[in-house]
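K.L.:
Can you read through this structure? Questions will come right after.
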Amino acid sequence: MVSYIVELLTAALCIILLAVNLLLPKHKEKFALLTGIGLLTILVISLFNGNHPQTFFGGAYIIDAFSTFFKQLFLIAAILTVLVSKDHIVFKQGEFYALIVSALLGMMIMASSGELITLYMGLELMTISFCILIAYRGDEKSKEASLKYIILGAMSSAIFLYGLSLMYGVTQTTIIKEIAGVLSAGHLVPLEILGMIFLMAGFAFKISIVPFHMWAPDIYEGAPTSITVFLAVASKTAALAVLLRLFMGGMSSVSSYWVELTILLAVLTVILGNLAAIPQTNIKRMLAYSSIAHAGYFLLGVVADSSLGVAAILLYSLFYLFANMGAFGVAIAVSKATGSNEIKDYAHLSQRSPFLAAAMLISLLSLAGMPPLAGFIGKFYLFLAIIEKGQLWLAFLSIGMSVVSAYYYLRVVKVMYFGESPKGFETITVSKSTKLALTVSMIALVVLGIYPNQLINVVLAVSKAFLP
């Protein structure tokens, strides 16, 4: 089997969706089903595709266990996004689902890129797809959010390209492995350091790292909620995969030059994200600032610069996916029923829809890192990785900020179960597809939290193969 069959099938699915949309416009209600079946098939194939490391096109493209793990994570995120979108996307369905698959293909290219220009191509494919998806609703808020994403995305791409040009000018190559060889051969010159800083800044935007986080709250609020969750989960982890391959896989020999900067960014991001989430009254803005804080937690694994740090990031990425899918999935259902994303409109959700309240409860507690849910396991290994690195103060700071995050998560729980009941409230019905997505997320968070050993063994094996 061709090693990059997953990418080929994803590209084929995108083309099929566009062709069906053009040739069979009367069957638009089947687009979600076609997309879901296609993505599920690709996911199953990826599980049996093997993880033997292979490089293609002179080292520009890498298929290994690391990239395969992230591709499977992206596929799971895309499938759950299709499920929660099914009953809320009423026009231009063919284009909508084709763009989701297009963004997915860009993420896959990013995860396997072993060369900076290939990486940039994947990045732009993902970014352009999201620019259109964010504006999908066509109202003023979504148009404004899309425009902000375009402008700031163009700025981050320019920063990345400037770093790429500096790195190429000094090393005379764009292959990450060859760049690593040049950097480890001697002392760094200022242009190499500047190139690393610009490359990191370019991806800090995609991960919403402080001070490149300004776009996240407005865009998360303005975009369709199903796209918000795909943006928050999949695009963030795609950029994180690149950051790991570029810095920990390619520039670990000069980690002393970028670890201190990463520590500073992690501290600022964790603190600002959590503190800014406290006063929010809109659930999507609260989750946006929460995602900024979680970006800081992800950076802790990068700071560790070890196989345990990589394993912790892989674990946390998967748990973060299910927790956010659960929280945003509930937000979609409540918003459809009430026409609002205000936290106060979640009052007595436990009576209006016990299922939605339970899904939100499990998701928020997992995001807060409460045992015995999966989020606790993820944070435990992140903190363990930086403690082994000798950054005890950073671990205590992060634990303290996790306690702060519990405050604003539990505030939503309080409203759902003990808030003042709205007058004349009605029971909220949940579609079968949304219920399926939320059920999968809840089961994953509970089961992987109680029985994490097998998954831990998998991510440890992947991380040791990535950083032997």
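Our numbering applies: residue 12 is where the sequence shown begins, and numbers increase by one. Beta carbons: idealized from backbone N, C-alpha and C, even for Gly.
1. Are Ser-318 and Ser-416 close, meaning C-beta to C-beta below 7 Å?
2. Using 10 angstroms around the beta-carbon of Pro-365, count the other beta-carbons present and answer buried if the total reaches 16, otherwise exposed.
3. Quick one: what's got a C-beta closer than 8 Å to Thr-445's C-beta in the same chain, skipping five residues either side?
4. Enumerate in chain order the residues of its own chain whose CB-to-CB distance from Val-221 is below 6 Å, with the five nearest sequence positions on each side excluded.
5. Leaving out five residues on either side along the sequence, give the residues of the same chain with a beta carbon under 6 Å from the beta carbon of Arg-296.
6. Taking the straight line between their C-alpha atoms, what separation do you get for Phe-107 and Lys-400?
7. Within 10 angstroms of the Cβ of Val-244, are there 16 or more other Cβ atoms? Answer buried if so, exposed if not.
8. Within its chain, find whatever has a CB closer than 6 Å to the CB of Val-193; leave out the 5 residues flanking it on each side and keep chain order.
9. Run through DSSP, which three-state label would Ile-16 get?
10. Under a Cβ-count criterion, where at least 16 other Cβ atoms within 10 Å of its own Cβ denotes burial, should Glu-7 be classed as buried or exposed?
11. Name the residue from Ala-315, Ala-287, Ser-153 and Ile-373 whose alpha carbon lies nearest to the alpha carbon of Met-412.
12. Would you check if there are 3 or more beta carbon pairs closer than 8 Å linking the segment 344-359 to the segment 378-387?
13. In chain order, what residues of the same chain have a beta carbon less than 8 Å from the beta carbon of Met-121, not counting five sequence neighbours either side?
14. Alpha carbon to alpha carbon, how far is Phe-429 from Ile-162? Give it in angstroms, no decimals.
15. Using only the alpha-carbon positions, how far apart do Lys-152 and Leu-329 sit?
16. Between the C-alpha atoms of Ile-143 and Thr-236, what's the straight-line distance to the nearest angstrom?
17. Say whether the segment 60-73 touches the segment 83-94, bearing in mind that this needs 3 or more beta-carbon pairs closer than 8 Å, one atom from each stretch.
18. What is the DSSP secondary structure of Gln-83, reduced to helix, strand or coil?
19. Return helix, strand or coil for Ser-374, following the three-state DSSP convention.
20. Within 10 angstroms of its Cβ, does Tyr-462 collect 16 or more other Cβ (buried), or is it exposed?
21. Out of Ala-43, Glu-271, Thr-66 and Gly-49, which has the shortest C-alpha to C-alpha gap to Ser-14?
22. Is it buried or exposed for Phe-85, if we count other Cβ within 10 angstroms and need 16 for buried?
P.N.:
Checking against the coordinates, here is how it stands:
1. Within the sequence shown, residue 318 is the residue found at index 307, counting from 1. Within the sequence shown, residue 416 is the residue found at index 405, counting from 1. Taking the C-beta atoms as reference points, Ser-416 is found no nearer than 7 Å to Ser-318.
2. Translated into positions along the sequence shown, residue 365 becomes position 354. With fewer than 16 other Cβ atoms within 10 Å, it is exposed.
3. Taking the first residue of the sequence shown as 1, we reach residue 445 at position 434. Setting aside the 5 residues that flank it on each side, Thr-445 is surrounded in the same chain by Leu-94, Val-95, Lys-97, Asp-98, Gly-340, Ile-343 and Ala-344, each with a C-beta closer than 8 Å to its C-beta; the list follows chain order.
4. As a position in the sequence shown, residue 221 is number 210, starting the count at 1. Counting only Cβ-Cβ distances below 6 Å, and skipping sequence neighbours, we find Leu-279, Thr-280 and Leu-283.
5. What you label residue 296 is simply residue 285 of the sequence shown in a count that begins at 1. Only residues of its own chain outside the window of five on either side were considered, and among them Pro-228 and Glu-232 have a CB closer than 6 Å to the CB of Arg-296, listed in chain order.
6. Locating residue 107 in the sequence shown gives position 96, counting from the first residue. Locating residue 400 in the sequence shown gives position 389, counting from the first residue. For Phe-107 and Lys-400, the gap between their C-alpha atoms comes out near 44 Å.
7. Within the sequence shown, the letter at position 233 stands for residue 244. Its Cβ being crowded by 16 or more others within 10 Å, Val-244 is buried.
8. Looking up residue 193 in the sequence shown gives position 182. Spatial neighbours of Val-193 in its own chain (CB-CB distance under 6 Å, excluding positions within 5 residues in sequence) are listed in chain order as Thr-182.
9. As a working mapping, residue 16 is identified with position 5 in the sequence shown. DSSP places Ile-16 in helix when its eight states are reduced to three.
10. The shown model of the chain, from 12 to 479, leaves out residue 7, and the question about it has no answer.
11. Translated into the one-based positions of the sequence shown, residue 412 becomes position 401. Met-412 has its Cα closest to that of Ala-287, out of Ala-315, Ala-287, Ser-153 and Ile-373.
12. A contact between stretches requires three or more CB pairs, one per stretch, nearer than 8 Å, and the segment 344-359 fails this requirement with the segment 378-387.
13. Here residue 121 corresponds to residue number 110 of the sequence shown, with the count starting at 1. Excluding positions up to five away in sequence, the list reads Leu-130, Gly-133, Leu-134, Met-137, Ala-249, Ala-250, Ala-252 and Val-253.
14. In the sequence shown, the residue the question calls residue 162 occupies position 151. In the sequence shown, the residue the question calls residue 429 occupies position 418. Roughly 42 Å separates the two Cα atoms.
15. The count along the sequence shown starts at 1 and reaches residue 152 at position 141. The count along the sequence shown starts at 1 and reaches residue 329 at position 318. When only Cα atoms are considered, Lys-152 and Leu-329 end up about 30 Å apart.
16. As a first step, residue 143 is located in the sequence shown; it is residue number 132 there, counting from the start. As a first step, residue 236 is located in the sequence shown; it is residue number 225 there, counting from the start. Whole-angstrom Cα-Cα distance: 14 Å.
17. Segments in contact, no.
18. The residue you call residue 83 lines up with position 72 of the sequence shown. Three-state result, Gln-83: helix.
19. Here residue 374 refers to the residue found at position 363 when the sequence shown is read from its first residue. Of the three classes helix, strand and coil, the one that applies to Ser-374 here is helix, per DSSP.
20. The count along the sequence shown starts at 1 and reaches residue 462 at position 451. By the Cβ-count criterion, Tyr-462 is exposed, with fewer than 16 other Cβ atoms from all chains shown falling within 10 Å of its own Cβ.
21. In the sequence shown, counting from the first residue as 1, residue 14 sits at position 3. If we check each option's Cα against that of Ser-14, Thr-66 comes out closest.
22. On the sequence shown, residue 85 is found 74 positions in, with the first residue counted as 1. In summary, Phe-85 is buried, with 16 or more beta-carbon neighbours lying within 10 Å of its beta-carbon over all protein chains present.
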